[in-house]
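Residue numbers (the working numbering): -4 to 71.
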């Protein structure tokens, strides 16, 4: 392998690392957006039903259990 070939390979490796890092950041932003939407829907539901604090806690617990049971599918 020539020196210039190694340099080209290193550049392509760096580009892959950057691409994966960008994809990870975008995935994290997407997950945060999905979580915010779910929490907003729960807040709206709690307000519309006039839930007390204990009922809101129960509602959150139900949502957590639902997300746990669905795994990654809960975010789709």
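Just so you know, even glycine gets a beta-carbon here, dropped at the ideal spot from N, CA and C. For clarity, every value in this text was computed on a predicted model and none was experimentally measured.
Do you know offhand how far residue i's Cα is from residue j's?
i, j, result
"residue 27", "residue 12", "23 Å"
"residue 9", "residue 24", "23 Å"
"residue 44", "residue 52", "14 Å"
"residue 63", "residue 48", "22 Å"
Give me the Cβ distance between residue i and residue j, rounded to the nearest whole Å; I'm assuming they're in contact under 8 Å.
i, j, result
"residue 54", "residue 41", "6 Å"
"residue 33", "residue 58", "7 Å"
Between which two residues does the alpha helix (DSSP H) containing residue i stretch?
i, result
"residue 54", "48 to 65"
For residue i, does the three-state DSSP call read helix, strand or coil?
i, result
"residue 22", "helix"
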